[in-house]
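What follows is a short report on a single structure.
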Amino acid sequence: MLAQDLADQLTGAGCTVVGPVPTVQQALEQADSVALDGAVLDVNLRGERSFPLAEHLARGGVPFIFLTGYDSATVFPDQFRDAQKLTKPVDYKMLIEAVSGFRKGDAASA
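Heads up: the sequence shown runs through residues 1261 to 1370, numbered per the working numbering.
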């Protein structure tokens, strides 16, 4: 399971992980109930795009990174075309480097 592998890698790197969360609705509920330093968003959550969650996080000033297997030119709405993305299969070293910027304020958010 990719989501659990990602969570395990992040936990192993010293991150506190909330999730994985399988649906956009559940993720929105988590985002409202837990203080987040940042988020790693799969573009596709059970067939639903995670862009509403990204919009919610951006409004709250929470940085995030998209994980995607999609061509960003065809899938991403304009407001997220320049957002930070990592392509699947995920290079865990790159992911850890990217999320380390969350606390430093270096990670891009849309």
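Each residue gets a CB set at the ideal place from its N, CA and C atoms; glycine is no exception.
What you are looking at is a predicted structure, and each value in this text was computed from that prediction instead of being measured.
- Here THR1328 is near VAL1303, since their CB atoms are less than 7 Å apart.
- Taking a 10 Å sphere around the C-beta of ALA1291, we find 16 or more other C-beta atoms and assign the residue as buried.
- Taking the Cβ atoms as the reference, ARG1306 lies roughly 6 Å from THR1283, within the contact range of under 8 Å.
- Under DSSP, ALA1299 takes part in a beta bridge, and its partners are PHE1324.
- In this model, GLY1298 and LEU1266 are separated by some 14 Å (Cα to Cα).
- In this structure, the CA atom of ALA1318 is about 20 Å from the CA atom of GLU1357.
- In this structure, VAL1322 is the residue among VAL1322, LEU1313 and THR1347 with its C-alpha nearest to the C-alpha of ALA1295.
- Under the three-state reduction of DSSP output, ARG1309 falls in the strand class.
- Selection ALA1273, ALA1263, VAL1335 and GLN1339 evaluated against LYS1353 yields ALA1273 as nearest (Cα-Cα).
- THR1334 sits in a helix when the DSSP states are folded into three classes.
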